[in-house]
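*Asks:* Sharing a structure here in structure tokens format.
Numbering (my numbering), first residue to last: 4 to 91.
Okay, structure coming up:
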């Protein structure tokens with residue numbers, strides 16, 4: 004699923020051309036919640052020194068996509084022509 008404004012029509016190879024934001028490891032390794040003492044505590048939920056990758060999003064190769072779900076509708080077996088027809 005994706006919002007149509009995120010489609011970049013100028014890219015030839017999104018997998019190679021789009022930089023992927025890597026977010027803070029703590030978003031995966033820690034959790035915060037209200038403790039019995041009424042205070043919010045943050046605790047680690049993974050072993051120390053665990054390797055973490057926390058990407059903000061991914062780019063899926065087109066050959067693996069069978070449909071796109073957008074705010075304007077669903078495009079089955081998407082190609083550039085079908086997408087442009089939906090978006091423009």
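Cβ atoms here follow ideal geometry from the backbone N, Cα and C, with glycine treated the same way. Because the structure is a prediction, the values reported are computed rather than measured.
With 16 other CB atoms within 10 Å as the buried threshold, where does residue 14 fall?
*Replies:* By the 10 Å Cβ count, residue 14 comes out exposed.
*Asks:* Rounding to the nearest angstrom, what Cα-Cα distance links residue 80 and residue 49 in this structure?
*Replies:* 39 Å
*Asks:* Is it right to say residue 71 is buried, meaning 16 or more other beta carbons lie within 10 angstroms of its own, or is it exposed?
*Replies:* Buried, because 16 or more other Cβ atoms sit within 10 Å of the Cβ of residue 71.
*Asks:* Should the stretch 5-13 be called in touch with the stretch 25-32, which here means at least 3 C-beta pairs below 8 Å?
*Replies:* no
*Asks:* For the beta strand (DSSP E) that residue 31 lies in, which residues bound it at each end?
*Replies:* Careful: residue 31 lies outside any beta strand (DSSP E), inside the alpha helix (DSSP H) at 29-32.
*Asks:* Are residue 11 and residue 23 close, meaning C-beta to C-beta below 9 Å?
*Replies:* no
*Asks:* Please state whether DSSP places residue 87 in a helix, a strand or coil.
*Replies:* helix
*Asks:* Rounded to a whole number of angstroms, what is the C-alpha to C-alpha distance between residue 87 and residue 55?
*Replies:* 37 Å
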